[in-house]
Every structure is written in structure tokens, then in C-alpha cells.
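What follows is a set of notes on a single structure, which appears directly below.
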Amino acid sequence: MINALHLRKLIILFIFGQVVSLFHLTLIMIIRKSFFLFIALVALTMAANAQVSNSITRRTHKVDSNTVVKDSAGVRYSYADWHKLIITGNYTLKVINPGKDSVDEFTLMKIDEATRAMMKGFRLPTDESGYIKTGKKLELFSAKDIEGYKIRPKDLEGKVVVLNFWFIKCSLPG
């Protein structure tokens, strides 16, 4: 027979079980709602980002020895001629009909002083270290190159020298 104490324990266990089950159901519902809310938020964010285009389309122009370059009168220049003018820094190339997909043609244009000054402003400043200054005479050393030829400082006077120092005896970690 079930006495009152057992009945009370069964009722308490039943109620506790119902409360735990109700708690689990509530927790599952909250998680499910949160998950669907998260998915909806992600979908809305993706849709909003699809509306906005942050990309910049830039057409590049291939400039080489086959490039057609003319002056403002329509006279065509050879590569050697227009290249010499460009490297002086006094001339630039302007694209003719930039929106078309045909072969790029350029007009050779003289740069005025104001434009040249503006273009110099776009350059990055030279990275002067505390040890080597641009234009300062270096105390160079004599050495041999990788093929055994002797390098003497007096042979390099007036030339641009690029020194590439590297060390071969580096060990890999591990």
C-alpha cells in the first residue's frame, strides 16, 4: 500500500519532473527562437551588403613598345622617341577614348610646372636612415662578387649601387 509519505514523494517527484521538463522545453524554445533570429539577422545583413557595392572597377592600360602614342596634332611617335620624353619627367601619356575596349592609344602631353609640383607631392618621402643619407659619400670597401670579380669603390663612382646583404647560414626553427 501507498502511504501518505510515499504519495507525497511521488507527487513531489511528479511536480519536479514536470518543472524540469517545462524548464527544458522553455530552454529549447528560447534556443530555437534565438537560432532563427540569428539566421534572420545574418540573411538581412547579407541582403543589405548585396545592395551596396564598395568595389572600384579600374581599367589598366598596357604601355609597352607596341603602344600607339601620338601628339596633339596626331603625329605618331616611335617607342624610342616617346620613351625618351617620358623619362625626362617633362611629359606624360593621356589615354584617348578610355571607355572603349579597343587598343589603347595615348596622347603625349607636356607637363607644366604646377602639375609637376603636384605630382612630386604624391611621391612617398625617401626613407632616410640615421646612418646613410642621400647624396653623402660612402666609405666603401673592396670585395669580390659571387663570381669572384673584384669590386672597387672607384669603379662604382657616379653609378647607382644596390647592396643586397643576406646570410646563408640561417637555421629553421624546430
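Residue numbers for the sequence shown follow this note's numbering, so the first one is -15 and each next one is one higher. Every residue, glycine too, gets a C-beta built ideally from N, C-alpha and C.
- If you check the CB distance, Y61 and S49 do not come in under 9 Å.
- Distance from the CA of D139 to the CA of P109, rounded to the nearest whole angstrom, comes to 30 Å.
- Comparing alpha-carbon positions, the option among K134, K120 and G119 lying closest to S126 turns out to be K134.
- For the set G132, E131 and L122, the Cα lying nearest the Cα of V146 is the one of L122.
- Comparing alpha carbon positions, the residue from K46, G142 and N74 closest to A101 is N74.
- Taking a C-beta distance under 9 Å as the contact criterion, F90 and K54 qualify as a contact pair.
- Burial check for W150: the Cβ neighbour count within 10 Å stays below 16, so the residue is exposed.
- Under the DSSP assignment, F106 falls in the alpha helix (DSSP H) whose first and last residues are E97 to F106.
- Exposed is the label assigned to L28, since fewer than 16 other Cβ atoms lie within 10 Å of its Cβ.
- With respect to D96, H45 sits apart: the two C-beta atoms are not nearer than 9 Å.
- Collapsing the DSSP output to three states places K54 in a strand.
- Of all alpha-carbon atoms in A31, N148 and V79, the one lying nearest the alpha-carbon of D129 is that of N148.
- By the Cβ-count criterion, L21 is exposed, with fewer than 16 other Cβ atoms from all chains shown falling within 10 Å of its own Cβ.
- Boundaries cannot be given for L147, as no alpha helix (DSSP H) includes it and DSSP labels it neither H nor E.
- When secondary structure is reduced to three states using DSSP, Y75 falls in the strand class.
- Per DSSP, the beta-bridge partners of L92 are L77.
- Excluding residues up to 5 positions away in sequence, S56, Y75, T76, L77 and K78 lie with their Cβ nearer than 8 Å to the Cβ of M93 in the same chain.
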